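Asker: After the structure tokens below, expect a handful of questions from me.
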Amino acid sequence: MAELAVYVVDDDASVRDSLALMLGLAGYATRLFADAESFLAAFDPAWSGCVVADLRLPGMSGIELQGRVRERGSALPFVIITAHGDVPAARAAFLGHAVDFVEKPFDDAQLRGAIDTAFALETRRLDEAELRRADEQKLARLTAREREVLEHAVQGKHAKEIGAALGISPRTVEVHKMRIMEKLGVRNVAELVRLRFR
Amino acid sequence: MRLLRYLRDAAVFAPCYLLLDWVSYIHPLGPFNITPWNPQPALAIAWMLLGGLVHAPAVFATILLADLLIRSVPVGVSLLTALTLAAGYAGIAYVLRALLRPRPGLHTLRQLTVFIAAVVPGSAMVAAAFVGVLYATGSLGDTALFAAWLRFWVGDGVGVLVTAPLLLVAADPAGRSALAALARRWETYVQVALLGVTLWLIFAGLGGDPSHHFFLVFPPLIWTAIRHGLGGGVLAVALVQIGVVLGIHHHPVQSLPVIELQALVAALTLTALYLGVMTDERERANQGLKQSLRLATAGEMAGAIAHEVNQPLTALTNYARSGQMLAAAGRSAELGPILAKMLAEAQRASEVVRRLRDLFREGRTRLEQVPIGRLLESVRTEDLALQVEPGLPDLLVDRLQIELVLRNLIANAHEALDGRAAAAIGVRAQRHDAQHVRIVVTDNGPGLAAADRERVFEPFVSGKPSGMGLGLAVSRAIAEAHGGTLDAVPGPHGEFRLVLPVEAHG
């Protein structure tokens, strides 16, 4: 699994430097950016961890950056920090699914709490993605006929109905079902359904 | 103690009342105190209004005493009339006490209207009761009832309308200082002289019936009330009343229509009181506006400065926390550079605080050399088209304040566009003249009508539903404090021009 990192986007060099030092000592991996544009230029959708972005940046704001990252299909969590926050800005941040909205100067526990929440979200997201990928690999091993049988079976149809629909004997359907469950590593139809719709 | 204070107040009140009664006992109807000018009830009402109805017995005793000393009325009748009057005045005072809360006086138009609405019918009722008592005791003889009532009503009513406001102003510390301030202005003396000349013209200079020329007194009176508020108004009215009384007294024709003159004085008094209170209210509103303008400027600046001060504080906190972690890990040798960074951040924060203090305590702006490109870059938003003429000299401005102005102008442009498609906001920096650079902020919104060109800079004129509309007023104040200007250019599209001084070379 990829390492989780904190991506700091702040135009203030001292804030950036001090954050990197503190987070580094606390055991977080950090990457620093002076503005939203340079972050986007380097951005890779495979990144995982948490973005800590200042609300007010030269050029694109932290919230606009969050919007761009979402447009690129990434669910990378955002923590917005601001030296002069207001309600509309906080609202916009949360509408873009920011994890937290932290006002400067902040307590390090507050920031680390937000980062840890973001990391927990990321871990769960990555675990689920991992599981889904494994499922897809298993499903890829099915033959075309087995896939057809699977689609009918997960709708709760019996072997007779499936056989009639596909023009094969119910007995053949049972054989296919056995092989499907074997290939996917499930013990019963309920697990089959869960895997199919995960 | 309370009794002592009561007696002391009564000892001041009674002689004043007697004196006023004696002075105003002119043109009486029979032996009774039915005269066209009765200022003393005002004293009684004001005393009970401000001090409470506990003074009613003292008022009764004083009225009785006045009758016995000044007039030759049978004691039995005097007792009855004094009781009637004291009860009537106490009633008016009671109503005023209840309605003029919480701060008795004539500070607002509402209070003035309540005062007039209580005094005019109140004195009519007192007059009716008084004349009724006289009639019932058979003291009136063959005098027409209605004429007696009207005479008493006008006398009392005008007396209270003219004198009570003066007493209320004098009883109020702020009113007293306003009256004292009047004495220090040359304008007051011109107005007093003008009123005197006018009254002389009315009663002597022009000849004939004084009420025909009475209108002449309105202009100087209006002038005084508008210039000096209620304090000036009540003083002018008192002067006119004294002038009218003296005029009547010394007029060669003894059968003057005194009641009509006093009715004119009543009309004049209402005019002066309303103008005075309106002037005071407007003045207070102005003061309030100035106050909130100062507060709003402070608020906007504080917002901008909070950002500046929070940055070093954030860094400071982070460095300190890092230092703690290093110390806890036994890596004290690495603390040196961190402490140096902390010192630098602390200095940075105190620099911002120093500026804040300069601005609010002394209104001082800290001028520094600011490259125009950097200034514009700091306020740039994504959708902004920046255009800087090459070779522009550096600005000589307070960076923080001018950033605030630019943010304001850009936010304004955003609001004017209100999310319309193909919105375009442009910021152009150009040379204005040898000593100035011009920053033009444009938007493709609806623009300003020529009539609104100055109006938008007035505080509280706001095109937006929320907000106080102080942004442009504050921005212009900042530009002018820099020796620059901020103007709106009317036209089909929004355009604001900010002219700022540049660093002088050589």
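Just so you know, the sequences run in chain order A and B. Just so we're aligned, residue 10 is where the first sequence starts under the working numbering, counting upward by one. Just so we're aligned, residue 94 is where the second sequence starts under the working numbering, counting upward by one. C-beta atoms are modelled at their ideal positions from N, C-alpha and C, and glycine is treated no differently. Quick caveat: nothing in here was measured; it's all calculated off a predicted structure.
DSSP has B:Val463 in a bridge; who is on the other side?
Answerer: Its beta-bridge partners are B:Leu488.
Asker: Taking 8 Å as the threshold (beta carbon to beta carbon), is A:Leu104 in contact with chain B?
Answerer: Taking Cβ atoms only, chain B never reaches closer than 8 Å to A:Leu104, which makes this a no.
Asker: Whole alpha helix (DSSP H) runs in the region 112-179 of chain A with 4 or more residues, listed along the chain?
Answerer: For the region 112-179 of chain A, whole alpha helix (DSSP H) runs of length 4 or above, ordered along the chain, are 117-149, 153-162 and 168-175.
Asker: Select from the region 63-80 of chain A all residues with a C-beta closer than 8 Å to any C-beta belonging to chain B, and list them in chain order.
Answerer: Listed by position, the residues of the region 63-80 of chain A near chain B (Cβ gap below 8 Å) are Arg65, Pro67, Gly68, Met69, Ser70 and Glu73.
Asker: My parser needs the alpha helix (DSSP H) runs of 4 or more residues fully inside the region 155-195 of chain B; what are they?
Answerer: Qualifying alpha helix (DSSP H) stretches, in chain order: 168-192.
Asker: For A:Leu151, I'd like the list of residues in its chain whose CB is within less than 7 Å of its CB, leaving aside the five on either flank, ordered along the chain.
Answerer: Taken in chain order, the residues that qualify are Leu159, Ile189 and Lys192.
Asker: Taking a contact to mean a Cβ-Cβ separation below 8 Å, would you say B:Pro129 touches B:Val247 in this structure?
Answerer: Closer than 8 Å, so yes.
Asker: For a contact meaning CB atoms closer than 9 Å, what does B:Thr201 contact in chain A?
Answerer: Those do not exist, as B:Thr201 stays about 36 Å from chain A at its closest Cβ, beyond 9 Å.
Asker: Kindly indicate which three-state DSSP category B:Thr578 falls into: helix, strand or coil?
Answerer: The answer is strand: DSSP assigns B:Thr578 an E or B state.
Asker: Exposed or buried, B:Pro132, counting other C-beta atoms within 10 Å across all chains shown (16 or more means buried)?
Answerer: Under this definition B:Pro132 is a buried residue.
Asker: So with Cβ pairs under 8 Å, would you call B:Arg473 a contact of chain A?
Answerer: By this cut-off, B:Arg473 is an interface position.
Asker: In chain B, which residues lie with their C-beta within 9 Å of the C-beta of A:Val158?
Answerer: Per Cβ cutoff of 9 Å: no residues; A:Val158 is ~52 Å from chain B at best.
Asker: Any Cβ of chain B within less than 8 Å of the Cβ of A:Val198?
Answerer: Judged by the 8 Å Cβ criterion, A:Val198 is not in contact with chain B.
Asker: Give the straight-line distance between the Cα atoms of B:Ala360 and B:Leu294, rounded to the nearest whole angstrom.
Answerer: So the alpha carbons of these two residues sit roughly 20 Å apart.
Asker: B:Thr236 by DSSP, collapsed to three states: which one?
Answerer: In this structure, B:Thr236 counts as coil in the three-state DSSP scheme.
Asker: What is the residue span of the alpha helix (DSSP H) that B:Pro313 lies within?
Answerer: Where B:Pro313 is concerned, the enclosing alpha helix (DSSP H) stretches over Phe311 to His343.
Asker: Between the alpha carbons of B:Asp265 and B:Thr256, how many angstroms are there, rounded?
Answerer: Taking the straight line joining both Cα atoms gives about 15 Å.
Asker: Taking a contact to mean a Cβ-Cβ separation below 8 Å, would you say B:Pro258 touches B:Leu366 in this structure?
Answerer: Yes, the pair counts as a contact, with Cβ atoms nearer than the cut-off.
Asker: Going by DSSP, what residue range makes up the alpha helix (DSSP H) through B:Tyr228?
Answerer: It spans Leu202 to Ala229 - the alpha helix (DSSP H) in which B:Tyr228 sits, taken as one unbroken run.
Asker: I'd like to know if the region 238-246 of chain B and the region 188-200 of chain B are in contact, where contact means that at least 3 CB-CB pairs between them fall below 8 Å.
Answerer: The answer is no - the region 188-200 of chain B does not touch the region 238-246 of chain B, with fewer than three Cβ pairs under 8 Å.
Asker: Under three-state DSSP, which class holds B:Gln480?
Answerer: Three-state DSSP puts B:Gln480 in a strand.
Asker: Whole angstroms are fine: how far does the CA of A:Gly58 sit from the CA of B:Glu401?
Answerer: Those two C-alpha atoms are separated by around 29 Å.
Asker: Does the CB of A:Leu14 have a neighbour CB from chain B at under 8 Å?
Answerer: In the sequence on display, residue 14 of chain A carries Ala and not Leu. Not an interface residue.
Asker: May I ask you to report which of helix, strand or coil DSSP gives B:Ile119?
Answerer: If DSSP states are grouped into helix, strand and coil, B:Ile119 belongs with coil.
Asker: Between B:Pro405 and chain A, is there a C-beta pair that is closer than 8 Å?
Answerer: Yes, because at least one Cβ of chain A sits closer than 8 Å to the Cβ of B:Pro405.
Asker: Measuring straight from C-alpha to C-alpha, what distance separates B:Ala478 and B:Leu565?
Answerer: B:Ala478 and B:Leu565: Cα-Cα distance of roughly 22 Å.
Asker: Could you confirm whether any beta carbon from chain B is found closer than 8 Å to the beta carbon of A:Asp97?
Answerer: The amino acid occupying residue 97 of chain A in the given sequence is Pro; Asp does not appear at that position. Judged by the 8 Å Cβ criterion, A:Pro97 is not in contact with chain B.
Asker: In angstroms with no decimal places, state the Cα-to-Cα distance between A:Ser178 and A:Ala143.
Answerer: Distance between the alpha carbons of A:Ser178 and A:Ala143: 31 Å.
Asker: Mind checking who B:Leu591 pairs with in its DSSP beta bridge?
Answerer: For B:Leu591, which the question treats as bridged, DSSP gives the partners B:Ile532 and B:Leu579.
Asker: Return the residue from the list B:Ala159, B:Ile352 and B:Leu406 that minimises the CA-CA distance to A:Asp117.
Answerer: The shortest C-alpha separation from A:Asp117 is found at B:Leu406.
Asker: Which residues mark the beginning and the end of the alpha helix (DSSP H) in which A:Arg100 is found?
Answerer: Element bounds for A:Arg100: Val96 to Leu104.
Asker: Please classify B:Trp115 as buried or exposed, where buried requires at least 16 neighbouring CB atoms within 10 angstroms.
Answerer: So B:Trp115 ends up on the exposed side.
Asker: Should A:Ala173 and A:His161 be called a contact, given that it needs their Cβ atoms to be closer than 8 Å?
Answerer: Result no, Cβ atoms of A:Ala173 and A:His161 do not sit closer than 8 Å.
Asker: Check for me: the beta strand (DSSP E) holding B:Gly538 runs from which residue to which?
Answerer: Unbroken run through B:Gly538: none, as it is neither H nor E.
Asker: So with Cβ pairs under 8 Å, would you call B:Ser443 a contact of chain A?
Answerer: Closer than 8 Å: no.
Asker: Taking A:Ala123 as the reference, which of A:Leu135, A:Ile171, A:His106 and A:Val182 has the closest Cα?
Answerer: Closest option to A:Ala123, Cα to Cα, is A:His106.
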